[in-house]
Amino acid sequence: MTFAEIQEQAKKEWDELLNGQKPQIAVGTATCGRSAGAMAVVKAFEDGLAEKKVDASIREVGCIGPCYAEPLVNIDKPGKPTLCFKNVNPDMVTEIIDAYLLGDDPLPQYTLGTLGQGEIKGVTKILDTPSFKPQERRVFRLCGIIDPTNINHYIANQGYEGLHKALSTMTQQDVVDVMKASGLRGRGGGGFPAGRKWEAGLAAKGTPKYVVCNADEGDPGAFMDRAVIEGDPHSVLEGMIIAGYTIGAETGYIYVRAEYPLAIRRLERAIAQAHEKGFLGKNIMGTDFNFEIKIFPGAGAFVCGESTALTLSIEGKRGMPRVAPRPRTTEIGLYDKPTLLNNVKSFSSAPMIITKGAEWFASVGTEKSTGTAIFALTGKVNNCGLIEVPMGITLREIIYDIGGGVSDGGTFKAVQTGGPSGGCLPASLLDTPIDYDSLDEAGSIMGSGGMVVMDEKTCMVDVARYFLDFTVIESCGQCVPCRLGTKELLEVLKEICAGKGRKQDLDLLYELSLAIHAGSICGLGQTAANPVLTTLRYFMDEYEAHILEKRCPAKVCKSLISFVIQEDKCVGCGICAKSCPVNAISGEKKKVHVIDQSICVQCGVCQEKCPAKFSAVDCVSPRIKAEVPEKV
Amino acid sequence: MEDRLSEMLSPYKGKRDALIPILQKVQAELGYLPDDAMCEIARTTGLPESRVFAVASFYAQFRFTPRGKHSFMVCRGTACHVRGAEKILEETERALGIVEGETTEDQEYTLETVACIGCCALAPCVMIDEDVEAKLTPKMVSEIIDRRKAK
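Protein sequence lines correspond, in order, to chains Y and E.
FYI, this note's numbering numbers position 175 of the first sequence as 186, with every residue one higher than the one before it.
FYI, this note's numbering numbers position 144 of the second sequence as 131, with every residue one higher than the one before it.
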């Protein structure tokens, strides 16, 4: 079959699906949907449709982004726009079938809104809401729309068109030129121009060459690579195949975290389907180009996100970054051969750049950071989820418009970008535009796109300690500044959190941080102190409160807080006393209870368990001194 | 066990660069990596034993002691951290009666922490085998454990 015939067949299948006479039910069953209960929703629809004899089809799709509204169900009825239901549970399914599938009531209270042409009275259009309006879905264009286990859905939506165009009408240099002109910068966080990397891959001498996709998404707080693979795996494969053609490689590896079992299954299936269609294997699309893709499940090491460590890991070695002077991976990479290594989103962006052109790609974004950026917006924010926005948008727009502001009525304190290598930015920098260079200037990094919002209940010293704890565990141990320096930083931070900080510790933290930055071999070490440096720069008052006043303003650091029962609120129900794991609470029934501060371990269970109508347990900082019981 | 092991390893004779997939396969079968198995892997691949141990101990996935029937992983990602993962871990430790890294006496659960399972929008969360439990409160942890015990 020619590509045109394959495409025609796929489009027919897709058209029948969307424009047929049967209602279509799409349930988001990526990992986030599943954890919110999507599989039970699928089951409820299957049972409900059978029981009520409704002729409709169900398909499982990836994630469209708004994780806070999971499980999400999209229903297409003939002649109507897509109606998107949020937070669906099995009980609601029966109601939805009765009201909307059998009847015509769209149940507006259950919906997020409509997608596509046309409107339904009483229901908002999703793309007109403040949460979606600023977004530009490109890498995510098909996530949550197509069935990721059906290659025809991808093909029907311009899938593999880029590969076909490249193989039939472009030279290897042509592809490099388009990639360079697009201005795409490495989406793994480093921001190195992708086109220049591809050019170096093409120019590199030596065979065989390799293409490697970095899907070792190890940053705590980032999960967009997983979402892209789970929702649109073929876009990643297509990008890798185009890259293989461009540099002259015949083998590609996807290094994916073993903690992503669903993503691995989706990739395996996608690879098999691409083989069936002749997009992988020998003589791809009738040309003399051959390409295979293998999956390598990573065994869990954050440092393997670093390119030289990652390639060593595939070779079956410890993933320790190569020592300087480090050769470029494009020259000496996997098995010491030229290797083109890019992140999931970089590969996934390539097909549309080839299909639609460099100008289209650069039509959004800023001059030096073109295209869109994907963030995992999480933490203390109302609308958690994955967002895709044009580069150059401000932090404020992301957090307040798209994110709907700080959750639980909290006050914004900081936003952390770039994971353990990034930094915490304060409210005064909310108008910073999001691009590689502006974030760098502010002391943080774009990184892989984690964006964690923090409120007044987050202690910034504790956050710095948290990240250093992570880095100490993940340091590969090869170079001294990183191995011992981060450990020392962590010890000092722990002392400060424990109320044993000294004034000179602040200088020590600063000097150590600079030394680790200057002396470490790889990016992990060089950026390891960023969380400390940015919190020192923007939240010095919190460090000082911990050290000078022995007070934790956010009331997080256990050694600096006490729990007390407020006499005027306690009714003596005794729930706290029963749940206290160390029996520190005493009191007679219906009388005010008291916490013995000399026994209390500050676990906070009493505060958690005290019924909300009383809310009698208060947390204070600095600590109340334990009273020495009077001798009777 | 020896037969099973040699059968498992037979396709990998001399394949040094397959070390990590081999370790993953053996662990998936046996639940952990016993010393004998690692020596056998060294013989099959032709790698020094020291190298097999060096690689296995480098990666977080590999374990050298037997594990419980189920894995109970508490996520310590950034989003989970700011939403109270520490308390979830403490409550899990209390409910299971073990601390991080240990296995319950009845061999049912091994309690571990993980850097991030990528369900940040549903923080704080835990992963029990392949199931993710999301938006947890300490109270829910004991309920989940009780529910599973009742099954």
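Where a beta carbon is used, it is the ideal one built from N, C-alpha and C, also for glycine.
Predicted model only: the values in this text are computed from it and were never measured.
- Query: Name the residues in the segment 575 to 604 of chain Y whose C-beta lies less than 8 Å from a C-beta of chain E; which are they?
  - Reply: Near chain E, meaning a CB-to-CB distance below 8 Å, the residues of the segment 575 to 604 of chain Y are 592.
- Residue from Y:57, Y:249, Y:202, Y:106 with nearest C-alpha to residue 383 of chain Y: Here residue 383 of chain Y corresponds to residue number 372 of the first sequence, with the count starting at 1. Nearest Cα to residue 383 of chain Y within the set Y:57, Y:249, Y:202, Y:106: Y:202.
- Message: When you compare the CB of residue 68 of chain E with every CB in chain Y, is at least one pair closer than 8 Å?
- Response: On the second sequence, position 81 is the one that residue 68 of chain E refers to. Yes - at least one Cβ of chain Y is within 8 Å of the one on residue 68 of chain E.
- Message: Please report the straight-line C-alpha distance between residue 525 of chain Y and residue 100 of chain E, rounded to a whole angstrom.
- Response: Walking along the first sequence from the start, residue 525 of chain Y turns up at place 514. Walking along the second sequence from the start, residue 100 of chain E turns up at place 113. Cα-Cα distance, rounded: 30 Å.
- Query: Between which two residues does the beta strand (DSSP E) carrying residue 404 of chain Y extend?
  - Reply: Along the first sequence, one-based indexing puts residue 404 of chain Y at 393. Where residue 404 of chain Y is concerned, there is no enclosing beta strand (DSSP E), given that its DSSP letter is neither H nor E.
- Rounded distance between the beta-carbons of residue 498 of chain Y and residue 474 of chain Y, thought under 8 Å: For the purposes of this step, residue 474 of chain Y is taken as the residue at position 463 of the first sequence. For the purposes of this step, residue 498 of chain Y is taken as the residue at position 487 of the first sequence. Their Cβ separation, rounded to whole angstroms, is 18 Å, which puts residue 474 of chain Y and residue 498 of chain Y out of contact at 8 Å.
- Query: Would the beta-carbon of residue 39 of chain Y fall within 8 Å of that of residue 94 of chain Y?
  - Reply: Against the first sequence, residue 39 of chain Y aligns to sequence position 28. Against the first sequence, residue 94 of chain Y aligns to sequence position 83. No, the pair does not count as a contact, with Cβ atoms beyond the cut-off.
- Any residues in the segment 201 to 219 of chain Y with a beta carbon nearer than 9 Å to a beta carbon of chain E? Which ones, in chain order? The segment 201 to 219 of chain Y vs chain E, Cβ under 9 Å: nothing.
- Kindly list, in the order they appear in chain E, the residues whose Cβ is closer than 7 Å to that of residue 72 of chain Y. In the first sequence, residue 72 of chain Y corresponds to position 61, counting from 1. Scanning chain E for C-beta atoms nearer than 7 Å to the C-beta of residue 72 of chain Y yields nothing, as the closest lies near 17 Å away.
- Item | Within chain Y, the residues that residue 104 of chain E reaches when beta carbons sit closer than 7 Å | For the purposes of this step, residue 104 of chain E is taken as residue 117 along the second sequence, with counting starting at 1. In chain order: 270.
- The beta strand (DSSP E) spanning residue 267 of chain Y covers which residue range? The residue labelled residue 267 of chain Y in the question sits at position 256 within the first sequence. Looking at the DSSP string, the run of the beta strand (DSSP E) that includes residue 267 of chain Y is 262 to 268.
- Query: Going by C-alpha distance, which of Y:617, Y:280, Y:165, Y:633 is nearest residue 17 of chain Y?
  - Reply: In the first sequence, the residue the question calls residue 17 of chain Y occupies position 6. When each option's Cα is compared against that of residue 17 of chain Y, the closest is Y:165.
- Item | DSSP state of residue 56 of chain Y mapped onto helix, strand, coil | Position 45 of the first sequence, counted from the start, is the residue given in the question as residue 56 of chain Y. Helix at residue 56 of chain Y.
- Which residues bound the beta strand (DSSP E) around residue 437 of chain Y? Here residue 437 of chain Y refers to the residue found at position 426 of the first sequence. Taken as a continuous stretch (DSSP letters only), the beta strand (DSSP E) holding residue 437 of chain Y covers 434 to 437.
- Proximal residues to residue 466 of chain Y (C-beta, below 7 Å), its chain only, five neighbours per side dropped: By one-based count along the first sequence, residue 466 of chain Y stands at place 455. Correct list, in chain order: 391, 417, 421, 422, 423, 424.
- Do the segment 239 to 247 of chain Y and the segment 323 to 330 of chain Y make contact, defined as three or more Cβ pairs closer than 8 Å? Contact between the segment 239 to 247 of chain Y and the segment 323 to 330 of chain Y is absent, with fewer than three C-beta pairs closer than 8 Å.
- With 8 Å as the threshold, decide whether the Cβ of residue 348 of chain Y is near any Cβ in chain E. Position 337 of the first sequence holds residue 348 of chain Y. Cβ-Cβ to chain E under 8 Å: no for residue 348 of chain Y.
- Query: Applying the criterion that 16 or more other CB atoms from any shown protein chain within 10 Å of the CB defines a buried residue, is residue 337 of chain Y buried or exposed?
  - Reply: Mapped onto the first sequence, residue 337 of chain Y falls at position 326. Burial check for residue 337 of chain Y: the Cβ neighbour count within 10 Å stays below 16, so the residue is exposed.
- For the beta strand (DSSP E) that residue 58 of chain E lies in, which residues bound it at each end? Residue 58 of chain E sits at position 71 when you count from the first residue of the second sequence. Bounds of the beta strand (DSSP E) holding residue 58 of chain E are 57 to 62.
- DSSP three-state call for residue 171 of chain Y: helix, strand or coil? Taking the first residue of the first sequence as position 1, residue 171 of chain Y is located at position 160. Residue state, collapsed to three classes: coil.
- Message: Quick check: is the beta carbon of residue 611 of chain Y nearer than 8 Å to any beta carbon in chain E?
- Response: As a position in the first sequence, residue 611 of chain Y is number 600, starting the count at 1. It does not; no Cβ of chain E falls within 8 Å.
- Would you say residue 126 of chain E faces chain Y, with C-beta separation under 8 Å as the test? Mapped onto the second sequence, residue 126 of chain E falls at position 139. The C-beta of residue 126 of chain E comes closer than 8 Å to at least one C-beta of chain Y.
- Task: Measure the C-alpha to C-alpha separation of residue 458 of chain Y and residue 356 of chain Y and round it to an integer number of angstroms.
- Result: Position 447 of the first sequence, counted from the start, is the residue given in the question as residue 458 of chain Y. Position 345 of the first sequence, counted from the start, is the residue given in the question as residue 356 of chain Y. Each residue's alpha carbon lies about 12 Å from the other.
- Can you pull the chain Y residues whose beta carbon is under 9 Å from the beta carbon of residue 74 of chain E, in chain order? Residue numbering aside, residue 74 of chain E sits at position 87 when the second sequence is read from its first letter. At a beta-carbon threshold of 9 Å, the residues of chain Y lying near residue 74 of chain E are 614, 615, 616, 619, ordered along the chain.
- Task: Please decide whether residue 24 of chain E counts as near chain Y, where near means a Cβ-Cβ distance under 8 Å.
- Result: Along the second sequence, one-based indexing puts residue 24 of chain E at 37. So no, residue 24 of chain E is outside the interface.
- Query: Name the chain Y residues whose beta carbon is nearer than 7 Å to that of residue 61 of chain E?
  - Reply: Locating residue 61 of chain E in the second sequence gives position 74, counting from the first residue. Result: empty, since nearest Cβ-Cβ is about 13 Å, beyond 7 Å.
- Task: Could you check if residue 551 of chain Y is buried or exposed, using at least 16 other CB atoms within 10 Å of its CB as the buried criterion?
- Result: Looking up residue 551 of chain Y in the first sequence gives position 540. Around the beta carbon of residue 551 of chain Y, fewer than 16 other beta carbons sit within 10 angstroms, so the residue counts as exposed.
- Taking the alpha-carbon positions, what's the residue 317 of chain Y to residue 533 of chain Y distance? The count along the first sequence starts at 1 and reaches residue 317 of chain Y at position 306. The count along the first sequence starts at 1 and reaches residue 533 of chain Y at position 522. About 8 Å.
- Item | Residue nearest to residue 71 of chain E in terms of C-alpha spacing, selected from Y:567, Y:414, Y:254, Y:631 | Translated into positions along the second sequence, residue 71 of chain E becomes position 84. The shortest C-alpha separation from residue 71 of chain E is found at Y:567.
- Task: Identify, in the order they occur along the chain, each residue of the same chain with its Cβ nearer than 7 Å to the Cβ of residue 344 of chain Y, setting aside the five sequence neighbours on each side.
- Result: Walking along the first sequence from the start, residue 344 of chain Y turns up at place 333. Apart from sequence neighbours up to five positions away, the residues of its chain that approach residue 344 of chain Y with a beta-carbon distance below 7 Å are 221, 322, 350, 352, ordered along the chain.
- Label residue 610 of chain Y either buried or exposed according to how many other C-beta atoms from any shown protein chain fall within 10 Å of its C-beta, with 16 as the threshold for buried. Along the first sequence, read from residue 1 onward, the residue named residue 610 of chain Y stands at position 599. Label assigned to residue 610 of chain Y: exposed.
- Message: What does the Cβ neighbour count give for residue 41 of chain E, buried or exposed, with the cut at 16 atoms within 10 Å?
- Response: Taking the first residue of the second sequence as position 1, residue 41 of chain E is located at position 54. Residue burial annotation: residue 41 of chain E is exposed, with fewer than 16 other C-beta atoms found within 10 angstroms of its C-beta.
- Task: Report the neighbours of residue 387 of chain Y on chain E: residues whose CB is nearer than 9 Å to its CB, in chain order.
- Result: Within the first sequence, the letter at position 376 stands for residue 387 of chain Y. Under the 9 Å cutoff, chain E gives 66, 105, 107, 108.
- Message: Taking a contact to mean a Cβ-Cβ separation below 8 Å, would you say residue 400 of chain Y touches residue 145 of chain Y in this structure?
- Response: Numbered from 1 along the first sequence, position 389 holds the residue referred to as residue 400 of chain Y. Numbered from 1 along the first sequence, position 134 holds the residue referred to as residue 145 of chain Y. Yes, they are a contact pair.
- Check whether the Cβ of residue 624 of chain Y lies closer than 8 Å to any Cβ atom in chain E. Stepping through the first sequence from its first residue, residue 624 of chain Y is reached at position 613. Under the Cβ criterion of 8 Å, residue 624 of chain Y is not counted among the residues facing chain E.
- Message: Out of E:-5, E:136, E:89, E:105, which one is the CA nearest neighbour of residue 32 of chain E?
- Response: Walking along the second sequence from the start, residue 32 of chain E turns up at place 45. Residue 32 of chain E has its Cα closest to that of E:-5, out of E:-5, E:136, E:89, E:105.
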